[in-house]
Amino acid sequence: MVSLGSFAKSLFGSANDRQLRKYRQKVDLINAMEPELEALSDEELRARTSEFRQEIENGASLDDLLVPAFATVREAAKRTLGQRHFDVQLIGGMVLHDGRIAEMKTGEGKTLVSTLPAYLNALSGKGVHVVTVNDYLAERDARWMGQVHEFLGLRVGVILHGLDDTQRRQEYAADITYGTNNELGFDYLRDNMKYALNQMTQRGHNFAIVDEVDSILIDEARTPLIISGPTEDNSELYTTIDGFIPRLSEEHYELDEKQRTSSLTEEGNEYLEDILREADLLRGDNLYDIENVSVVHHINQGLKAHKLFQRDKDYIVKNGKVVIIDEFTGRMMEGRRYSDGMHQALEAKERVTIQPENVTLASVTFQNYFRLYNKLGGMTGTAQTEADEFLDIYKLEVSAIPTNVDVARIDEDDEVYRTAAEKYDAIVELVKDCIERGQPILVGTTSIEKSELLAELLKKKKLPHNVLNARFHEEEAQIVAQAGVPGAVTIATNMAGRGTDIQLGGNLDMRIEHELGDMVEGEARDKREATIKAEVEELKQKALAAGGLYVCATERHESRRIDNQLRGRSGRQGDPGHSKFFLSLEDDLMRIFGTDRMDGVLQKLGLEEGEAIAHPWINKALERAQSKVEARNFDIRKNLLKYDDVMNDQRKVIFEQRIELMHEEDLSETIADMRHEVVDELVATHIPEKAYAEQWDAAGLREQALKYLNLDIPVEEWAAEEGIANEEIHERLTRASDEAFARTASQAGPDIMRQVEKSVLLQTLDGHWREHLQMLDHLRHTIGLRGYGQRDPLNEYKTEAFELFESLLHRLRQDVTGKLMHVEVRQREDLPPPVEGQALPEMEAKHIDPTTGRDEMLDADIRAMRQQDGDAMPAERARASGTIRNASGAALDPNDTSTWGKVARNAPCPCGSGKKYKHCHGAVA
């Protein structure tokens, strides 16, 4: 029986079908313009850009210009790249322009699609960002697709790791800027730490096109971007807290050695509150009052250091330093430190020098960074399975774009083996068979470790293969480009090699670039190019005859999307291909099902060793399990985002406030308002409304007025006057503070005072914001305990985060007022440097890759160093051969620092010491 929904869909088409019909009408109009544009000269075609911009100035919208602009880009691509946008690529461009996600199969030319909306939106003059997953792709696409834009008179920029601020400003000022998600996010954070508008590099967030949108907005978004730096010296607090821990007895705390967590009992709380009160470290009445968040964090870390970390097992003390021991290898991990104050707690415990703690100076999640854009579009081969998340978090709808040629790939049913060993044996036999038949094969694994395991098995059988591990993207692109050669065997983890097509017979363009890159134009080059073309065509025919690319997956991933990405590598542009998943009952996903039951079923069926079971029902059951895991992961990400949204709201307020302050030439009114609010708070605290004069705390008010207003005033005498009211005291205090500040300002002069006010206000705001981030981080780690008291941790976090933010603003007013009321400018040498010229604190950027656990920015530093080495050799080998180069390509002398150029802070030091640059010649004195 046909359901009502199915009947309606067959009659009217799906929502996706209806959307595509609207786009096809515009495609017909674009196609109709083609003969007219073909007749134009290059100069006439280029002149259309100026005409479009003039139309926009005259009031035309970008939608009005879509058809002629897309037609212009298509013609420019034909003339520069020799590529003509297919009709489906035009549709993909319209989807991106509308601020949606275009799901396009691998090999459908997403990179070329991006040129259409990028050009159209760049006409507004507000800038377009094209976002990719790594530096190699950003540089490649800017150089490749940039030909189209530059032909049409637009300027193209590219943001790469290692650029300085001046270079970044120039690249962001371009009409279209290519860059990675990490670099764009970090530039946003760094910009909001600058002290002058002309130091900022980005010029707003108008429109972004995100390539591999599922990777960036879902996979990468699981971990935030963090800029960290050394905090103020807290060694005294660590030492003080450490002295309390040995005084605790067993009834004062509970330990979970398996989870490595500790917590105080009720008795422990009361006992420590008494100790902290004696030491004047307790604020308020309760250890868990909001003001004590930082103290609680230090206590928790101290408790763990003493009760859960053992010397000579978890760490050793060597040369006066605490050195971590790797729990798996037993090796010392020199240079590595526990985060979140744990290392400092261990240093306090062992009575060695306590090193400054690295704390978060600024952070943002990709969810909140990309939601800054006025319009956001994305493209990928796999988005439908995550459509709910894209819509819920980013308000992005997914449109599935039909392929230019029907997919001819054969997707076979999964094969399930009882053990992993049997599964790997079957995979090795398949690889051997493909090599013998001349069929290229791509073997997908879920981790680098499993890639290496499989590579070892193939090595034992003497089967040639390449392994991709998602670290050095340019080298990987070369391997992926030739993975379609007959008999080629390529092993890849989930994300490795994305962004480069696997073309049967090999990638002609990349092979020509690789083999003939240094060869000058001329007859010899033309002849060699023709030979390569003939070889690639011959190899392509052999690969086609063997059945196209065979995709072999070694297990199901917890996300269907990752499986679909792997499958999609085969069968591009109508090519034949095969895909099959090899599973075992020992795989992670299979164990979730309950292996015992399934193992029993397979034994009853008489499944012998080395045999497999394959059936569509198994595929369906696994997909249902995957969808459940996906839903759970979505809930986890959504919950984390709810917490980050609390910080994000506050972040936006602070960042917007900083920009407003930098815009203002004269902040005297703001400073006066802050001073008056401090007076209001002092009077309200010490002379409450409707209180009798004998209840006033006149002595306290005098003390606070001296501290914050630098005024020694006879408050006690005022309070003793007959019939005086609190309003009169408030008025006298306000007048006295205004007169005192006016005297200071007149001595310094208006220009100098404006400079001092701006400098003090911005630097004090930044200092308090960093402390606030630390407090929120500590709060986040402890708030989950509220759940035991039947209170919602998220609501508790929101409430307390708001209280902390109010406290931040209160302390900011007091500190700024106190500093400015005490300032004395006797001569010009006393002046602080202009706020615009003040350097940012020492900083380090971090983004942990959620799939590998590695710091991507550390990898980027290593890649930058390899590129400086001239031929991408490891630094040590290059140094030995004397070929190391600096960023500009000039020879680098390890003994002459003037030849080093700009060295990434986390890169190996060019002197050859083996240390990181920041710990060697780059160390701050």
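Each residue of the sequence shown is one higher than the one before, starting from 1 at the first, in full-length UniProt numbering. Where is the CB? At the ideal position from N, CA and C, for every residue including glycine. Owing to the predicted nature of the structure, the values given are computational and were not obtained by experimental measurement.
Terminal residues of the beta strand (DSSP E) in which residue i lies
| i | result |
| --- | --- |
| residue 844 | 844 to 846 |
| residue 229 | 225 to 230 |
| residue 271 | Note, residue 271: premise wrong, no beta strand (DSSP E); alpha helix (DSSP H) at 266 to 278. |
| residue 48 | Per DSSP, residue 48 belongs to no beta strand (DSSP E); it is in the alpha helix (DSSP H), 42 to 57. |
| residue 86 | Neither: residue 86 is in no beta strand (DSSP E) and is coded neither H nor E. |
| residue 315 | 315 to 318 |
| residue 380 | 375 to 380 |
| residue 103 | 101 to 103 |
| residue 256 | 253 to 256 |
| residue 400 | 398 to 400 |
| residue 467 | 466 to 468 |
Member of the options whose CA lies at the smallest distance from the CA of residue i
| i | options | result |
| --- | --- | --- |
| residue 540 | 101, 577, 524 | 577 |
| residue 86 | 55, 34, 52, 127 | 34 |
| residue 431 | 463, 23, 444 | 463 |
| residue 509 | 493, 523, 530 | 530 |
| residue 294 | 910, 773, 502, 734 | 773 |
| residue 629 | 543, 560, 689, 672 | 560 |
| residue 811 | 848, 795, 761 | 761 |
| residue 823 | 756, 47, 623 | 756 |
| residue 480 | 765, 503, 727 | 503 |
| residue 97 | 69, 75, 78, 83 | 69 |
| residue 260 | 227, 754, 304, 138 | 304 |
| residue 15 | 308, 158, 399 | 399 |
| residue 43 | 663, 808, 313, 79 | 79 |
| residue 111 | 319, 139, 124, 99 | 139 |
| residue 239 | 179, 613, 353 | 353 |
| residue 214 | 386, 625, 813 | 386 |
Host alpha helix (DSSP H) of residue i (start-end)
| i | result |
| --- | --- |
| residue 575 | From DSSP, residue 575 is part of no alpha helix (DSSP H); its letter is neither H nor E. |
| residue 16 | 15 to 38 |
| residue 493 | Premise fails: residue 493 is in no alpha helix (DSSP H) and is neither H nor E. |
| residue 165 | 165 to 172 |
| residue 78 | 62 to 80 |
| residue 708 | 698 to 709 |
Residue(s) in a DSSP beta bridge with residue i
| i | result |
| --- | --- |
| residue 553 | 444, 581 |
| residue 358 | 230 |
| residue 129 | 177, 208 |
| residue 325 | 332 |
| residue 797 | Looking at the DSSP assignment, residue 797 forms no beta bridge with any residue, so it has no partner. |
| residue 411 | 579 |
| residue 807 | Residue 807 pairs with nothing; no bridge assigned. |
| residue 157 | 177 |
| residue 613 | 416 |
| residue 311 | 315 |
| residue 262 | 255 |
| residue 352 | Paired residues: none, contrary to the question. |
| residue 364 | 225 |
| residue 489 | 441 |
Cβ pair residue i, residue j closer than 8 Å
| i | j | result |
| --- | --- | --- |
| residue 779 | residue 803 | no |
| residue 376 | residue 208 | yes |
| residue 109 | residue 102 | no |
| residue 211 | residue 132 | yes |
| residue 641 | residue 223 | no |
| residue 634 | residue 389 | yes |
| residue 145 | residue 177 | no |
| residue 381 | residue 104 | yes |
| residue 744 | residue 679 | no |
| residue 468 | residue 492 | yes |
Would you check if there are 3 or more beta carbon pairs closer than 8 Å linking the segment 114 to 121 to the segment 409 to 420? no
Check whether the segment 639 to 651 and the segment 179 to 187 touch, using three or more Cβ-Cβ pairs below 8 Å as the test. no
Check whether the segment 544 to 559 touches the segment 428 to 445, taking contact to mean three or more Cβ pairs, one atom from each stretch, closer than 8 Å. yes
Hey, is the segment 255 to 264 in contact with the segment 350 to 369, meaning 3+ C-beta pairs nearer than 8 Å? no
Examine the Cβ distances between the segment 391 to 400 and the segment 581 to 591 and report whether three or more of them are shorter than 8 Å. no
Pairs of beta-carbons, one from the segment 718 to 731 and one from the segment 678 to 693, closer than 8 Å: are there three or more? yes
Check whether the segment 298 to 313 and the segment 346 to 361 touch, using three or more Cβ-Cβ pairs below 8 Å as the test. yes
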